[in-house]
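Have a look at the structure below before the remarks.
Number of protein chains: 2
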Amino acid sequence: MKPTLQAVADAVGVSRSTVSNAYSRPDQLSAALRERILDAARQLGYPGPNPTARSLRRGFVGSIGVLFTSQLSYAFTDPFAVRFLAGVGAATERHGTSMLLVPLPPAQTDARRAVENAAVDGFCVYCVADEEWALDVIRQRGLPFVSTAPRDDAGPDERFVGIDERAAAHSVAAHVAGLGHRRVALLADSVLLDAPAGPLTLSGVDQVPHPTTHGRLAGFADAFAEVGVDWAELTLLNAPGNSRQAAAAAVAGLFDRPAPPTAVLAGSDVLALGVLDALAERPAGDRPPVSVTGFDDVPEAAAAGLTTVRQPAEEKGRIAAELLLDPPADPAAGHVLLPTALVVRASTGPAPRS
Amino acid sequence: MKPTLQAVADAVGVSRSTVSNAYSRPDQLSAALRERILDAARQLGYPGPNPTARSLRRGFVGSIGVLFTSQLSYAFTDPFAVRFLAGVGAATERHGTSMLLVPLPPAQTDARRAVENAAVDGFCVYCVADEEWALDVIRQRGLPFVSTAPRDDAGPDERFVGIDERAAAHSVAAHVAGLGHRRVALLADSVLLDAPAGPLTLSGVDQVPHPTTHGRLAGFADAFAEVGVDWAELTLLNAPGNSRQAAAAAVAGLFDRPAPPTAVLAGSDVLALGVLDALAERPAGDRPPVSVTGFDDVPEAAAAGLTTVRQPAEEKGRIAAELLLDPPADPAAGHVLLPTALVVRASTGPAPRS
DNA sequence: GCTAATCTCTGTATCGATACAGACTGGATC
DNA sequence: GATCCAGTCTGTATCGATACAGAGATTAGC
Chain X
1 MKPTLQAVAD AVGVSRSTVS NAYSRPDQLS AALRERILDA ARQLGYPGPN PTARSLRRGF
61 VGSIGVLFTS QLSYAFTDPF AVRFLAGVGA ATERHGTSML LVPLPPAQTD ARRAVENAAV
121 DGFCVYCVAD EEWALDVIRQ RGLPFVSTAP RDDAGPDERF VGIDERAAAH SVAAHVAGLG
181 HRRVALLADS VLLDAPAGPL TLSGVDQVPH PTTHGRLAGF ADAFAEVGVD WAELTLLNAP
241 GNSRQAAAAA VAGLFDRPAP PTAVLAGSDV LALGVLDALA ERPAGDRPPV SVTGFDDVPE
301 AAAAGLTTVR QPAEEKGRIA AELLLDPPAD PAAGHVLLPT ALVVRASTGP APRS
Chain Z
1 MKPTLQAVAD AVGVSRSTVS NAYSRPDQLS AALRERILDA ARQLGYPGPN PTARSLRRGF
61 VGSIGVLFTS QLSYAFTDPF AVRFLAGVGA ATERHGTSML LVPLPPAQTD ARRAVENAAV
121 DGFCVYCVAD EEWALDVIRQ RGLPFVSTAP RDDAGPDERF VGIDERAAAH SVAAHVAGLG
181 HRRVALLADS VLLDAPAGPL TLSGVDQVPH PTTHGRLAGF ADAFAEVGVD WAELTLLNAP
241 GNSRQAAAAA VAGLFDRPAP PTAVLAGSDV LALGVLDALA ERPAGDRPPV SVTGFDDVPE
301 AAAAGLTTVR QPAEEKGRIA AELLLDPPAD PAAGHVLLPT ALVVRASTGP APRS
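If you're matching them up, the sequences are chains X and Z in order.
The first sequence begins at 1 in full-length UniProt numbering and counts up one residue at a time.
The second sequence begins at 1 in full-length UniProt numbering and counts up one residue at a time.
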């Protein structure tokens, strides 16, 4: 059994409080006594104040939770998520706080329990899919949080950092529309919960539940509506998961249909890269000249020559953590919109004359 | 103020223990009472048992620490580290445990304090640089840990997962030696602590303190010793940090020297990619035909056509976490050596005839 | 020489839960 | 009818520290 504070106190012949002060408030006791105490502690093998007991008494933990509303292992395969994490890490580093990555079990009840049980002072919620339930649990616990998806029901005290999804999506779609494309497919992750890979028919974009996906698809649709192509004329493709494989599966057979789309607008770079993968797999003579766009501008996008919308990934993570760790006095400053930029590369070109 | 267990107990008119049981040991009370209690809790806004208090009483936390003996933000920029994290994440996911990423402040004392204060049940130590002090603190706390660097002083109870660094390095160096290269540079991260980027002279490989780096350099040297090139004839290059930039800085001017090396063996893919960057920056007519090898086989290596040694990154992380979470009964099973494989790609070729 | 201020250190209450031994009920067993 | 048992619930001790008010001792000021 490891010795406790009490053991050290007994050994030195002082009170527990004094030993505690030796560690946490050196100015509360004489330097000489402090040295005696620390020496005795070393001698006894006392490992320093127990972090859990300390947290309980102090009322805070010294770590923030990062919640991916999806498999945790997914987070590390998504380059955008990794850079987000890097940003959170940089902020915690400066602040002397740790980050707790909380994996969510597949079952809802277990997942709730996981969020309830996380020993943290607050959460950065990286919104992948439906996350309302998680935010509910966090609110219930009375913990502060910062989310990355815009929400209508945000309380005045709830912090947010993100981009204008709709406007950003509009910018890349307008670029594609400007190139003359009119037969266009929109590809997104989890357009509807649990929908299979491939085409999907929705009466309108408002049926898409996930706010980020909704914003991006709406932005795409806006740009085409401006050139006279309305929602019903767009091909909507669902990818069950934000992965290259899912994207490739979603576009399977797409280009062999009569009057195939001449452009695919993807809701993320990862999906767009998956479309490029699918195209690259076709025999060299049978590659339709499809324009493809992504979203995020992850490092791989540049290498692949992908036209996309850049959003500052690390900054998003950094600011999320900072909003959490140093809440701004002015609540209005708790809503941060980051800039985005259209990045045109080789993956988009003029629509073929039909 | 959030209500406590006691408040719920009072509201329902039962004892604290019973409320506790309602959450943690449902079999200890009747289903009906349990429902009444949970209802009352909902009504009062009780967020469930306080994680910190629970941890204190139970004696464990439910999360494991991941320690990078370097800047935490570095970890997310290193593709190998990211995949290691993915592996750890996958294991914790299955085990219902969280992972705490502990950033280490630059100052030693603060860094010690950070490890002392981390509320975790054990550590996966991803060894980047000197980490003995960290292991000392962990031992002192009496916590289990798994490290990824081989250590001579490992206690019988101390777990480890890694590769045979020396043999793996030998395999790629032997490949290069077999191609006829005799003027060779070895490039590694932090060969000596705080050494600047560039050439470095050491009387022998045993002066290298970091065990991983030592193993790899020794393996490189072994292979060249076998073909009659001894340590003193090898150019040793230091990169201060495992980054492409650091590598590029380390090889600056190298190829403009008289009798420049015809091959560069790097201690990691990231460094090797940095060497390729440096070569690519030279005017097209002035690119010496240098063979370059890496180590790890990160995803980017394939795209760059880099000859390297593959080691299973995610598996390393996964096994590290599993060794920690489910310690094998047989202590011998606590030392896992993973397989490696030489991967020959386009970045190596026959030595130019001089 | 007396009050005030400062510096150290102590003692008690508290953070919010869980473990464990035991008390009580009601039915089954022989 | 006594015994045993399983099923429920309670009460107390405990996990390991920190906060805070206040007690002595010392020094300072006038």
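C-beta atoms are modelled at their ideal positions from N, C-alpha and C, and glycine is treated no differently.
Asked: Chain Z residues whose Cβ lies nearer than 9 Å to that of X/GLU93; Found: GLN71, LEU72, SER73, PRO103, LEU104, PRO105
Asked: Residues bridged to Z/ALA263 [DSSP beta-bridge criterion]; Found: Z/VAL184, Z/SER291
Asked: Exposure label - Z/SER17; buried when at least 16 CB within 10 Å; Found: exposed
Asked: Beta-carbon proximity of Z/PHE68 to Z/ALA81, cut-off 9 Å; Found: yes
Asked: Selected residue, minimal CA-CA separation from X/ALA313, among X/PRO211, X/ARG159, X/TYR126; Found: X/TYR126
Asked: Rounded distance between the beta-carbons of Z/GLU322 and Z/ALA91, thought under 8 Å; Found: 5 Å
Asked: Local Cβ density within 10 Å of X/MET99, reported as buried at 16 or more and exposed below that; Found: buried
Asked: Buried or exposed by the 16-neighbour rule on C-beta atoms within 10 Å, applied to Z/PHE60; Found: exposed
Asked: Continuous beta strand (DSSP E) stretch holding X/VAL343: start and end; Found: 341-343
Asked: Minimum C-alpha distance to Z/LEU306 - residue among Z/GLY267, Z/ASP286, Z/SER347; Found: Z/SER347
Asked: Simplified DSSP state of X/ASP189, which is helix, strand or coil; Found: strand
Asked: For Z/HIS170, three-class secondary structure by DSSP; Found: helix
Asked: Spatial neighbours of X/GLY180 in its chain, beta-carbon cut-off 6 Å, leaving aside the 5 residues before and after; Found: PRO350, ALA351
Asked: Sheet register partners of X/PHE160 (DSSP bridge); Found: X/SER147, X/HIS335
Asked: Residues near X/GLN108 in its chain [Cβ-Cβ closer than 8 Å; skip 5 each side]; Found: TRP133
Asked: Proximity test, Cβ basis, 9 Å: Z/VAL61 and chain X; Found: yes
Asked: Residue 362 of chain X at chain Z interface by Cβ criterion, 9 Å; Found: Here chain X comprises residues numbered 1 to 354, so residue 362 of chain X is not present and cannot be evaluated.
Asked: Candidates Z/ARG287, Z/PRO260, Z/GLY294: closest to Z/LEU273 by CA position; Found: Z/GLY294
Asked: Beta-carbon separation (whole angstroms), X/GLY142 vs Z/PRO209, contact threshold 8 Å; Found: 48 Å between Cβ atoms; not a contact.
Asked: Under 7 Å from the C-beta of residue 379 of chain X: neighbouring residues of chain Z; Found: Since the displayed chain X opens at 1 and closes at 354, residue 379 of chain X lies outside it and no answer follows.
Asked: DSSP-derived helix/strand/coil call for Z/VAL102; Found: strand
Asked: As assigned by DSSP and simplified to three states, the class of X/TYR126; Found: strand
Asked: Backbone secondary structure at Z/ARG310 - three-state DSSP; Found: strand
Asked: Cβ pair Z/ARG166, Z/GLU158 closer than 9 Å; Found: no
Asked: Uninterrupted alpha helix (DSSP H) stretches inside the region 219-259 of chain X (no shorter than 4 residues); Found: 244-250
Asked: Buried versus exposed call for Z/VAL344 [16 or more other C-beta atoms within 10 Å across all chains shown]; Found: exposed
Asked: Own chain partners of Z/ALA40 with C-beta closer than 6 Å, once the 5 adjacent residues on each side are dropped; Found: VAL8, ALA11, VAL12
Asked: Where Z/GLN28 meets chain X, residues with beta-carbon distance less than 7 Å; Found: Under the 7 Å cutoff, chain X gives no residues; its nearest Cβ is about 18 Å from Z/GLN28.
Asked: For Z/ARG318, the nearest candidate out of Z/VAL88, Z/LEU38, Z/TYR74, Z/SER55 (CA to CA); Found: Z/VAL88
Asked: Chain Z within 9 Å of X/LEU271, Cβ atoms only; Found: no
Asked: Distance CB(X/ASN242)-CB(X/LEU202) smaller than 9 Å; Found: no
Asked: Z/CYS124 beta carbon less than 9 Å from that of residue 378 of chain Z; Found: Examination of residue 378 of chain Z is not possible in this model, given that chain Z is present from 1 through 354 alone.
Asked: Cβ of X/PHE76 within 9 Å of any chain Z Cβ; Found: yes
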